[in-house]
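Let me begin by presenting the structure, written as structure tokens, before commenting on it.
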Amino acid sequence: MTTPWMVHRPEFLRLTDLLDPAVSAASTLSTWDAGEWEMAVGDLAEQFSDYHTPLLAADRAAVLALAEVFGVSAKVASALRWCPDPQADTEWWWEVEDSPRAAALVGELRREVAPGHLLHGIALTPWLECGACDDVLVRLDDENALVGTTPYRVAVVRPTWSHGPESPPWPATAVFDQALDALDRLESCFRTAPPQV
Numbered sequence: 057m058t059t060p061w062m063v064h065r066p067e068f069l070r071l072t073d074l075l076d077p078a079v080s081a082a083s084t085l086s087t088w089d090a091g092e093w094e095m096a097v098g099d100l101a102e103q104f105s106d107y108h109t110p111l112l113a114a115d116r117a118a119v120l121a122l123a124e125v126f127g128v129s130a131k132v133a134s135a136l137r138w139c140p141d142p143q144a145d146t147e148w149w150w151e152v153e154d155s156p157r158a159a160a161l162v163g164e165l166r167r168e169v170a171p172g173h174l175l176h177g178i179a180l181t182p183w184l185e186c187g188a189c190d191d192v193l194v195r196l197d198d199e200n201a202l203v204g205t206t207p208y209r210v211a212v213v214r215p216t217w218s219h220g221p222e223s224p225p226w227p228a229t230a231v232f233d234q235a236l237d238a239l240d241r242l243e244s245c246f247r248t249a250p251p252q253v
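For the sequence shown, this note's numbering gives the first residue as 57, with consecutive numbering after it.
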């Protein structure tokens with residue numbers, strides 16, 4: 057008798073090979089081998105999400121196909137929103153962490169964020185930048201901001217590019233305890249909403 061484990065395991069293994077080498081796939085593979093396939097597929101998608109693993113359209117489709125087979129389509133589709141397609145010319149955001157662009161964003165935000173602002177005195181790590189507007193998703197580098205762990209606080213901020221201090225509430229900022237909530241805001245191209253705490 058053919059089981060889902062036998063039929064889909066080679067594809068699952070191929071997809072785990074796409075993870076960043078720094079990410080251990082051992083627990084995900086153990087979950088798969090224990091017969092908890094839906095959980096394993098969900099965990100794989102979350103690992104892709106946590107590290108913003110670039111996924112080509114064919115690989116994204118393969119993950120979604122596995123999710124469909126094992127009944128976790130909504131969870132996986134939500135997680136894959138964080139994974140850019142490096143070949144798409146229509147990406148509306150791109151990862152900037154550890155890039156020269158991130159350094160420019162940090163410099164600008166340091167100049168703009170004045171005392172009294174939600175972000176004043178907080179170390180920021182620019183993470184994603186929206187291509188449709190000027191919004192930037194930043195990780196708030198506090199005791200909860202351990203890379204690869206959730207939840208941690210993030211903010212969507214709209215630099216004014218004035219190259220000088222702004223009067224709070226500018227630059228417009230929304231702080232979130234959940235990264236997916238911030239992505240929803242980033243997707244909506246948050247433009248002039250008042251700051252939220």
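Each residue gets a CB set at the ideal place from its N, CA and C atoms; glycine is no exception.
query: What's the call for L74, buried or exposed, on a 16-neighbour Cβ count within 10 Å?
result: buried
- prompt: Exposed or buried, S223, counting other C-beta atoms within 10 Å across all chains shown (16 or more means buried)?
  reply: exposed
query: If you draw a straight line from the C-alpha of E67 to the C-alpha of V210, how long is it?
result: 34 Å
task: Report yes or no: do three or more beta-carbon pairs, one from the region 120 to 137 and one from the region 87 to 101, lie closer than 8 Å?
output: yes
field: Closest by C-alpha distance to V163, when choosing among H173, P182 and P140
entry: A small correction: the amino acid at residue 163 is Gly; Val does not occupy that position in the sequence shown. Checked all of H173, P182 and P140; the closest Cα to G163 is P182.
task: Report, in whole angstroms, the separation of the C-beta atoms of P215 and L161, which I expect to be a contact under 8 Å.
output: 7 Å
- request: Give the DSSP bridge partners of T181, in chain order.
  value: R195
task: Along the beta strand (DSSP E) that carries T229, what are the first and last residues, could you check?
output: T229 to F232
A170 beta carbon less than 7 Å from that of P110: no
- prompt: With C-beta atoms as the reference, is V79 less than 7 Å away from Y107?
  reply: yes
- prompt: Are the beta-carbon atoms belonging to F126 and W88 less than 7 Å from one another?
  reply: no
field: Three-state secondary structure assigned by DSSP to A90
entry: coil
task: Could you tell me the boundaries of the alpha helix (DSSP H) in which E151 lies?
output: Segment W149 to E151 is the beta strand (DSSP E) holding E151; no alpha helix (DSSP H) there.
- prompt: Can the beta-carbon of E151 be found less than 7 Å from the beta-carbon of L174?
  reply: no
message: If distances are taken between C-alpha atoms only, which option among L165, V213 and F232 comes closest to D190?
response: V213
query: How big is the Cα-Cα spacing for Q103 and R195?
result: 18 Å
- request: Reducing DSSP to helix, strand and coil, say where V63 ends up.
  value: helix
Sequence-distant residues of the same chain with beta carbon closer than 8 Å to L136, five excluded per side: A101, F104, S105, L111, R116, V119 and L120
query: Below 7 Å between beta carbons: does that hold for L165 and A238?
result: no
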